[in-house]
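Line by line, the protein sequences give chains W and X.
Using my numbering, read the first sequence as starting at 1 and increasing by one per residue.
Using my numbering, read the second sequence as starting at 1001 and increasing by one per residue.
Even for Gly, the Cβ is constructed at its ideal location relative to N, Cα and C.
Here is the structure we will look at, set down as structure tokens.
There are 2 protein chains.
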Amino acid sequence: MTEEEFLKQYNIHDFDVPLCTVDIAIFSLINNELHTLMVLREEHPFKGKWALPGGFIHLGEDDSTESAAHRTLRQKTGMKSAYLEQVKTVSSPKRDPRGWSLTVLYFALVDINQVKRIDTDKKSTWMPLSDLKQHDLAFDHIELIRSATNRLHAKATYTALPIELMPTEFTLTELQHVFEMILGRELQAKAFRNRVLSANMVAETGNSKISGKRPAKLFKSTGVNREMFFNRPLME
Amino acid sequence: MTEEEFLKQYNIHDFDVPLCTVDIAIFSLINNELHTLMVLREEHPFKGKWALPGGFIHLGEDDSTESAAHRTLRQKTGMKSAYLEQVKTVSSPKRDPRGWSLTVLYFALVDINQVKRIDTDKKSTWMPLSDLKQHDLAFDHIELIRSATNRLHAKATYTALPIELMPTEFTLTELQHVFEMILGRELQAKAFRNRVLSANMVAETGNSKISGKRPAKLFKSTGVNREMFFNRPLME
DNA sequence: TCAATAGTGTCTTTCAGACACTATGCT
DNA sequence: AGCATAGTGTCTGAAAGACACTATTGA
């Protein structure tokens, strides 16, 4: 048989195949707390439960799981681009009652001020991470969120990725507080500032922010944080 | 409709679904060189080309993509357990001529002395990494191998994972040479030894190896390398 | 005794941690 | 002037880099 003949007779529907989805944990800062965007499932299975945004890959529309993730992100937040990173692929015969399933998990970091639109057709909400355990989420999404959070936590110790969560202008103290929230512990101002400043990850905007007492210089991201790795982690 | 009714009428074959596979780059040391196990494709597509071991998930047999990877590893090397790590999931409508496809990539590190059996039904070979570019591999497998190699390289800078490639007993100089091969540069004996010894990643066996001149102490892995991360990378 | 490989002593450099200190602007 | 927050000076310690040095064996 030639390859052409083979491809002609090949039909994926002759085989048992897994269900194949993409899920994204979209993280954002609201009132100095980490939130993740959740959508209410309006169909079975897990109807009425909160779930991560995502779903089946649209074979005609998506060029990769990453572009499926971008599409979802666009639909839910109106953002054309944002930091998006693949976390891992999780699979099991049990995690979806419809059958053997596999999901490619991503996480995104967005500045909440850039979020333009939230799909009105589906009920969705920004849920603080601290509230998650009180909800009985769909599928294994609580586990997925934990995996995404762990990745974010790890990245905060050896990169400056959390800058992606910040508004256009921010003070270094504000940035430090975000890191502290993600890492769950306090940081030394000196070490923290040395690190981001000497790596040129932020640049002064010339503006400052008066929050009552001494005004703090405002900084903006230089974008270096997307690729740069520090060669020592923050603490152990 | 109840969930039960929904599940009863749900049929995955009503939808367009991607092809879904698992591939593994199985790395091993042969004659002081990194090799990866390749199998000859005996069917279309890419018939007659070399490819990474792997293939479709067996829904009845595999509990996850990881167990599909373990099954493949067992079939190709006879090894029940070995270091196995998920690298990433790669997808595209073009990478497989049969249609939209997705593969979950793993890499494994094996001690070549523990490899018991190589499937006799499929032609397979250990290919040195340096030879790969001379071959026209199936699918995007050359890219997948590059991704797996990059991961191994990164891990060698901040963990002692390459210990998994070593035989039961080895000298520190031999281990250092393996790191040097993976990293593509020379290391300082002092720094290298301090690092693995103070982390208790290896333990003396009491034996030594005479290779002509001063005998070198033999060490064995303590297994610590699987989880331990150094808090500074080797060089930049 | 010498060649060759194994393994160490020790100085430098880098950067995080600790923490006391100074700076600024509002009230 | 006082106070709260912004931001710095400077010492310590841990671990990597450099590189000269010593140790052990067989021939």
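query, result
"Name, in chain order, the residues that DSSP records as bridge partners for Gly1055 (chain X).", "X:Val1022"
"Mind checking which residues open and close the alpha helix (DSSP H) that includes His1141 (chain X)?", "1141 to 1158"
"At which residues does the beta strand (DSSP E) containing Leu1238 (chain X) begin and terminate?", "For residue 1238 (chain X) there is no data in the structure shown, the boundaries of chain X being 1001 and 1236."
"Counting only Cβ-Cβ distances shorter than 8 Å, please list the residues of the region 1104 to 1131 of chain X near chain W, keeping chain order.", "Val1104"
"Could you tell me whether any Cβ in chain X is nearer than 8 Å to the Cβ of Trp50 (chain W)?", "no"
"Looking at the C-beta of Glu1227 (chain X), does it have a partner C-beta in chain W at a distance below 8 Å?", "no"
"Less than 8 Å between the beta carbons of Ala1025 (chain X) and Leu1007 (chain X), yes or no?", "no"
"Below 8 Å on the Cβ atoms is my guess for Leu19 (chain W) versus Asp96 (chain W); work out the distance and round it to an integer in Å.", "6 Å"
"For the region 1040 to 1058 of chain X against the region 220 to 235 of chain W, do three or more pairs of beta-carbon atoms, one drawn from each stretch, fall closer than 8 Å, so that the two count as touching?", "no"
"Taking only three categories from DSSP, how would you classify Leu84 (chain W)?", "strand"
"So, under 8 Å CB-CB, Thr1168 (chain X) and Asn1225 (chain X) are touching, yes? Tell me the CB distance rounded to an integer number of Å.", "14 Å between Cβ atoms; not a contact."
"Please state whether the Cβ-Cβ distance between Val115 (chain W) and Thr171 (chain W) is less than 8 Å.", "no"
"Within 10 Å of its beta-carbon, does Thr1002 (chain X) have 16 or more other beta-carbons around it, so buried, or fewer, so exposed?", "exposed"
"Can you tell which of W:Thr157, W:Met166, W:Glu61 has the C-alpha that lies nearest to the C-alpha of Ala108 (chain W)?", "W:Met166"
"Evaluate the contact criterion for the region 1148 to 1164 of chain X versus the region 1198 to 1217 of chain X: three or more CB pairs, one atom per stretch, below 8 Å.", "yes"
"Between the beta-carbon of Ser1147 (chain X) and the beta-carbon of Met1038 (chain X), is there less than 8 Å?", "no"
"Could you please give the first and the last residue of the uninterrupted beta strand (DSSP E) stretch that includes Asn1200 (chain X)?", "That residue, Asn1200 (chain X), is in no beta strand (DSSP E); it is neither H nor E in DSSP."
"Assuming Thr72 (chain W) contacts Leu129 (chain W) under a Cβ cut-off of 8 Å, what Cβ separation, rounded to an integer in Å, is found between them?", "20 Å between Cβ atoms; not a contact."
"Quick one, are the C-beta atoms of Thr1149 (chain X) and Leu1183 (chain X) less than 8 Å apart?", "no"
"Please report the distance separating the alpha-carbon of Ile12 (chain W) from that of Glu61 (chain W).", "19 Å"
"Do the CB positions of Leu197 (chain W) and Asn207 (chain W) come within less than 8 Å of each other?", "no"
"Could you name the residues that DSSP lists as bridge partners for Leu29 (chain W)?", "W:Leu34"
"Rounding to the nearest angstrom, what Cα-Cα distance links Arg1214 (chain X) and Glu1174 (chain X) in this structure?", "14 Å"
"Closer than 7 Å by beta-carbon distance: list the chain W residues that pair up with Thr1089 (chain X), in chain order.", "Thr65, Gln86, Thr89, Val104"
"Name the one or two DSSP bridge partners that Tyr106 (chain W) has.", "W:Ile24, W:Gln86"
"Indicate whether at least one CB of chain X lies closer than 8 Å to the CB of Glu164 (chain W).", "no"
"Just the C-alpha distance for Arg195 (chain W) and Met181 (chain W), rounded to the nearest angstrom, thanks.", "18 Å"
"How far does the alpha helix (DSSP H) with Thr1125 (chain X) in it extend, from its first residue to its last?", "Element bounds for Thr1125 (chain X): not the alpha helix (DSSP H) but the beta strand (DSSP E), 1124 to 1128."
"Hey, is Phe6 (chain W)'s beta-carbon within less than 8 Å of any beta-carbon in chain X?", "yes"
"Do Ala1082 (chain X) and Val1022 (chain X) have their beta-carbon atoms positioned less than 8 Å apart in this structure?", "no"
"Kindly say whether Ile210 (chain W), judged by its beta-carbon, lies nearer than 8 Å to any beta-carbon of chain X.", "no"
"Spell out whether any CB of chain X is found under 8 Å from the CB atom of Lys190 (chain W).", "no"
"Using a cut-off of 9 Å between C-beta atoms, extract the partners of Lys1237 (chain X) located in chain W.", "Examination of residue 1237 (chain X) is not possible in this model, given that chain X is present from 1001 through 1236 alone."
"Please classify Gly1212 (chain X): is it buried, with 16 or more other beta-carbons within 10 angstroms of its beta-carbon, or exposed?", "exposed"
"Just curious, the beta strand (DSSP E) that Ala216 (chain W) is in, first and last residue?", "216 to 221"
"By the 10 Å Cβ neighbour count, where 16 or more other Cβ atoms means buried, how is Glu1227 (chain X) classified, buried or exposed?", "exposed"
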